[in-house]
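**Q** Sharing a structure below in structure tokens format, with a few things to ask.
Number of protein chains: 2
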Amino acid sequence: MENPVLVEVLRGDAVESRHRGAIAVVDAAGHVVAALGDHQRPVFPRSAVKALQALPLVESGAAEALDFNDAELALACSSHNGEEVHVNAARVMLMKAGLDEDALECGSQWPRRMEDVAVLHRTDATPCPLHNNCSGKHAGFLGLARTLGAPTRGYVEPDHPVQLEARAAIEQMAGIDLSAMPRGTDGCSIPTYAMPLAPLARAFACFGTGEGLEPLRAQAAERLYNACVDHPFMIAGTGRFCTEVMGALGGRVFVKTGAEGVFVAAIPELGFGIALKCDDGATRASETMMAAVIDALLELNEDEATALRPWLAPPLTNWTGRPVGSIHAVAEAFAPLRGIA
Amino acid sequence: MENPVLVEVLRGDAVESRHRGAIAVVDAAGHVVAALGDHQRPVFPRSAVKALQALPLVESGAAEALDFNDAELALACSSHNGEEVHVNAARVMLMKAGLDEDALECGSQWPRRMEDVAVLHRTDATPCPLHNNCSGKHAGFLGLARTLGAPTRGYVEPDHPVQLEARAAIEQMAGIDLSAMPRGTDGCSIPTYAMPLAPLARAFACFGTGEGLEPLRAQAAERLYNACVDHPFMIAGTGRFCTEVMGALGGRVFVKTGAEGVFVAAIPELGFGIALKCDDGATRASETMMAAVIDALLELNEDEATALRPWLAPPLTNWTGRPVGSIHAVAEAFAPLRGIA
Numbered sequence: 051m052e053n054p055v056l057v058e059v060l061r062g063d064a065v066e067s068r069h070r071g072a073i074a075v076v077d078a079a080g081h082v083v084a085a086l087g088d089h090q091r092p093v094f095p096r097s098a099v100k101a102l103q104a105l106p107l108v109e110s111g112a113a114e115a116l117d118f119n120d121a122e123l124a125l126a127c128s129s130h131n132g133e134e135v136h137v138n139a140a141r142v143m144l145m146k147a148g149l150d151e152d153a154l155e156c157g158s159q160w161p162r163r164m165e166d167v168a169v170l171h172r173t174d175a176t177p178c179p180l181h182n183n184c185s186g187k188h189a190g191f192l193g194l195a196r197t198l199g200a201p202t203r204g205y206v207e208p209d210h211p212v213q214l215e216a217r218a219a220i221e222q223m224a225g226i227d228l229s230a231m232p233r234g235t236d237g238c239s240i241p242t243y244a245m246p247l248a249p250l251a252r253a254f255a256c257f258g259t260g261e262g263l264e265p266l267r268a269q270a271a272e273r274l275y276n277a278c279v280d281h282p283f284m285i286a287g288t289g290r291f292c293t294e295v296m297g298a299l300g301g302r303v304f305v306k307t308g309a310e311g312v313f314v315a316a317i318p319e320l321g322f323g324i325a326l327k328c329d330d331g332a333t334r335a336s337e338t339m340m341a342a343v344i345d346a347l348l349e350l351n352e353d354e355a356t357a358l359r360p361w362l363a364p365p366l367t368n369w370t371g372r373p374v375g376s377i378h379a380v381a382e383a384f385a386p387l388r389g390i391a
Numbered sequence: 051m052e053n054p055v056l057v058e059v060l061r062g063d064a065v066e067s068r069h070r071g072a073i074a075v076v077d078a079a080g081h082v083v084a085a086l087g088d089h090q091r092p093v094f095p096r097s098a099v100k101a102l103q104a105l106p107l108v109e110s111g112a113a114e115a116l117d118f119n120d121a122e123l124a125l126a127c128s129s130h131n132g133e134e135v136h137v138n139a140a141r142v143m144l145m146k147a148g149l150d151e152d153a154l155e156c157g158s159q160w161p162r163r164m165e166d167v168a169v170l171h172r173t174d175a176t177p178c179p180l181h182n183n184c185s186g187k188h189a190g191f192l193g194l195a196r197t198l199g200a201p202t203r204g205y206v207e208p209d210h211p212v213q214l215e216a217r218a219a220i221e222q223m224a225g226i227d228l229s230a231m232p233r234g235t236d237g238c239s240i241p242t243y244a245m246p247l248a249p250l251a252r253a254f255a256c257f258g259t260g261e262g263l264e265p266l267r268a269q270a271a272e273r274l275y276n277a278c279v280d281h282p283f284m285i286a287g288t289g290r291f292c293t294e295v296m297g298a299l300g301g302r303v304f305v306k307t308g309a310e311g312v313f314v315a316a317i318p319e320l321g322f323g324i325a326l327k328c329d330d331g332a333t334r335a336s337e338t339m340m341a342a343v344i345d346a347l348l349e350l351n352e353d354e355a356t357a358l359r360p361w362l363a364p365p366l367t368n369w370t371g372r373p374v375g376s377i378h379a380v381a382e383a384f385a386p387l388r389g390i391a
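Protein chains in written order, with this note's numbering: chain A, 51 to 391; chain B, 51 to 391.
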């Protein structure tokens, strides 16, 4: 099955580039409410499942024992820009766990924004693992390791208790056995397990609604959901889709990006979870796809619609700021999603 | 017609992302020797045609009148990294034309490499138009404008004599009338005209062989071809496909990238020009596609093959340097290109 073209990039009036993809909209019982393209092909969810990987941190009592606040829990679910507030919060999380950045095994990454890169250059500094977009997740893993009494060294390995807990949480939320699925190593060295879009979407339907979850799991999901929508800056940062869309929609949706064109969402008021993958891995396209899904499924008020618009049809400008084109979702492709809510 | 998947991105052993595309291999008479996918769909060639746009600079006598050397002519055909040598060469070209960077209308762009960004940050500087990857092309345009006695201001506009000359050169080389084709504005503000891959490839067959060209045009093409293959660092820079592949193949091929997944090549010993476009615009895929085309068409000696290998199957590592996957061309998709030379 060929996945359809879901997003086009225009230069002037002509289509310059095309992005294909697949999307699954699923309820907490696992019913596929709607789908575009092949939702059965396994995809690596990458960072899109950070909120699921953070469930053991909360339900084990580790988050409470370490006094992690909601902003820090949001950072544990984040792919952040490496801005000052993110770096500082990750450092504080490690301090609360009696650790420092030397415990991080995610590797170093330059901050995403040129302003933050400049701060390092001006002091002849280089980035450290705290700047890595995954440092909050890793600080959460380390906090869990400490509380479990597990070694902190090697916490990224697939058979470490922390990764086994994270994997079990994903399996239970998605209703899938990952042992037969392809395993890869993520950008931050933890394992990532491929799965079809439908169970991935189901996990976020359960995450957003609590339906079908044990009370402790439901409480943990609710706390993480609220932490993320209440602290959207911690989830990503300045100018980022997840931060702006969650900020503008005031708790109506949870959205989270993953590398290589993956995006997930939870929409509790509809009872849906959503998972999508742009075939070619482009973030610009996965963002537009997710904006188009939200636009198709939700009645938005004027402020919400205004906030979503730049992501629905981002204008393209060149080095002089001159408008040269735009990115847009293919309306006919998304038509099947309208009216299902 | 669906373009085939030409490049796959692997994480571990599993395919994580897929890139589709189309490729045309054409001779100087315009015969399509081989093609993958739909070679008739128009694509914006973007920076891939810089060497064609530089033809008027040479054949008008402007390059000689301004004493542009071969390294500077290569820079006129380049999409460079904004390294010190590129910035300085662009500045010298403008000085030779009695101008400075204020005449450039390409806009400012940060250098591509973090080392060069750091130099600016450490002196609290910001990039100027000389750092723009197109500054050499623009310095060439300005040199031509001066020699033609045309105004330098507005040299990026479609009806400026310089752009009319550049367009006419492309039309003649490709054997196509661009007046009915979509026009867009490029990243550096000049016009870019869409055309099918076949005429685009033909233009580079003519560029590489001189076949069918008027003597003055053939001389200009030969000078530019030699300038680029003799000064491959000027065409792109440290770690770049065009620089490394032209450097290693010692004049056997001319290759040039364009934005949004376009790539062209000339292979004089075979009499072929090549043009390709990755549907989704990804550079990582267009590079692998071009490496696979060269691998399929040319007998390479050991040194040449060694230099091409990292581009044929680039390894992917994560933030700690751990190998996590690779990019590769789909062997069956490229099979039709083997044995045609």
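Quick reminder that beta carbons are idealized off the backbone N, C-alpha and C, glycines included.
How would you write the range of the beta strand (DSSP E) that A/F191 sits in, first residue to last?
**A** No beta strand (DSSP E) holds A/F191; the alpha helix (DSSP H) holding it covers 185 to 198.
**Q** When you compare only the Cα positions, how much space is there between B/G308 and A/L144?
**A** Approximately 45 Å, taken between the alpha carbons.
**Q** What is the rounded straight-line gap between the Cα of B/A84 and the Cα of B/A72?
**A** Their backbone Cα atoms lie some 11 Å apart in a straight line.
**Q** Can you grab the Cα-Cα spacing for the pair A/A78 / A/A115, in whole Å?
**A** Rounded to the nearest angstrom, the two C-alpha atoms are 30 Å apart.
**Q** List in chain order: all unbroken beta strand (DSSP E) runs of 3+ residues lying wholly within the segment 296 to 322 of chain B.
**A** 304 to 308, 312 to 317, all fully within the segment 296 to 322 of chain B.
**Q** Given this structure, state the Cα-to-Cα distance separating B/C328 from B/A315, to the nearest angstrom.
**A** For B/C328 and B/A315, the distance between alpha carbons rounds to 15 Å.
**Q** Taking the continuous beta strand (DSSP E) assigned at B/D77, which residues delimit it?
**A** That run of the beta strand (DSSP E) goes 64 to 77.
**Q** Could you give the first and the last residue of the continuous alpha helix (DSSP H) run that contains A/E165?
**A** Residues 164 to 172.
**Q** To the nearest angstrom, how far is it from the Cα of B/A216 to the Cα of B/L102?
**A** One C-alpha to the other measures close to 7 Å.
**Q** Determine the DSSP secondary structure at B/M339, reduced to helix, strand or coil.
**A** It is helical.
**Q** Pull up the distance between the alpha-carbon of B/R302 and that of B/N276, whole angstroms please.
**A** Taking the straight line from one Cα to the other gives about 10 Å.
**Q** So, with DSSP's three-state summary, where would you put B/V212?
**A** If DSSP states are grouped into helix, strand and coil, B/V212 belongs with the helices.
**Q** Quick one: what's got a C-beta closer than 7 Å to B/L107's C-beta in the same chain, skipping five residues either side?
**A** Contacts found: A113, A126, G190, G193, L194.
**Q** Quick one: what's A/C328 bridged to in DSSP?
**A** Paired residues: A/G71.
**Q** Check for me: the alpha helix (DSSP H) holding B/A139 runs from which residue to which?
**A** Here the alpha helix (DSSP H) through B/A139 covers 134 to 146.
**Q** CB-CB under 6 Å to B/E354, same chain, minus the five flanking residues each way: which ones, in chain order?
**A** Excluding residues within five positions, the ones whose Cβ falls inside 6 Å are A298, L299.
**Q** If you measure beta-carbon to beta-carbon, which residues of the segment 294 to 316 of chain A are closer than 8 Å to chain B?
**A** Here the close residues are E310, G311.
**Q** Can you find the residues in the same chain that come closer than 6 Å, C-beta to C-beta, to A/L266, ignoring five residues on each side of it along the sequence?
**A** Counting only Cβ-Cβ distances below 6 Å, and skipping sequence neighbours, we find E109.
**Q** Given this structure, state the Cα-to-Cα distance separating A/T392 from A/R96, to the nearest angstrom.
**A** In the structure as shown, chain A begins at 51 and stops at 391. Residue 392 of chain A is therefore absent and cannot be evaluated.
**Q** Nearest to B/E134 by alpha carbon, out of B/F118, B/K146, B/W160, B/C156?
**A** Looking at the Cα atoms, B/W160 is the closest of the given residues.
**Q** Would a check of beta-carbon distances place A/P161 closer than 9 Å to chain B?
**A** No, A/P161 lies away from the interface with chain B (no Cβ there is under 9 Å from its Cβ).
**Q** Since B/K146 and B/S128 are thought to touch, with beta carbons under 8 Å apart, how far apart are those beta carbons, to the nearest angstrom?
**A** Not quite, the Cβ-Cβ distance comes to about 17 Å (not below 8 Å), so this is no contact.
**Q** Check B/R61 in the structure and name its three-state DSSP category.
**A** In this structure, B/R61 counts as strand in the three-state DSSP scheme.
**Q** What is the DSSP secondary structure of A/M51, reduced to helix, strand or coil?
**A** Reduced to three states, the DSSP call for A/M51 is coil.
**Q** Does the CB of A/A131 have a neighbour CB from chain B at under 9 Å?
**A** Contrary to the premise, residue 131 of chain A reads as Asn rather than Ala in this sequence. No, because no Cβ of chain B sits closer than 9 Å to the Cβ of A/N131.
**Q** Which residues of the segment 142 to 171 of chain A have a Cβ closer than 9 Å to any Cβ of chain B? Give them in chain order.
**A** For the segment 142 to 171 of chain A, which is checked against every Cβ of chain B, the residues closer than 9 Å are E155, C156, G157, S158, Q159, W160, M164, V167, A168, V169, L170, H171.
**Q** Answer yes or no: does any C-beta atom of chain A fall closer than 9 Å to that of B/H89?
**A** Answer no: the Cβ-Cβ gap between B/H89 and chain A never drops below 9 Å.
**Q** Residues of chain B with a CB under 7 Å from the CB of A/W369: which are they?
**A** The contacting residues are C156, G157, S158, Q159, N182, G237, C238.
**Q** Given a limit of 7 Å on CB to CB distance, which residues of the segment 199 to 228 of chain A reach chain B?
**A** Flagged: no residues at all.
**Q** Which residue from A/H210, A/M231, A/P282 puts its Cα closest to that of B/D63?
**A** Considering only alpha carbons, the answer is A/M231.
**Q** Please state whether the Cβ-Cβ distance between A/V76 and A/P249 is less than 9 Å.
**A** Contact flag set, yes.
**Q** Would you list the one or two residues that DSSP bridges to A/L366?
**A** A/G375.
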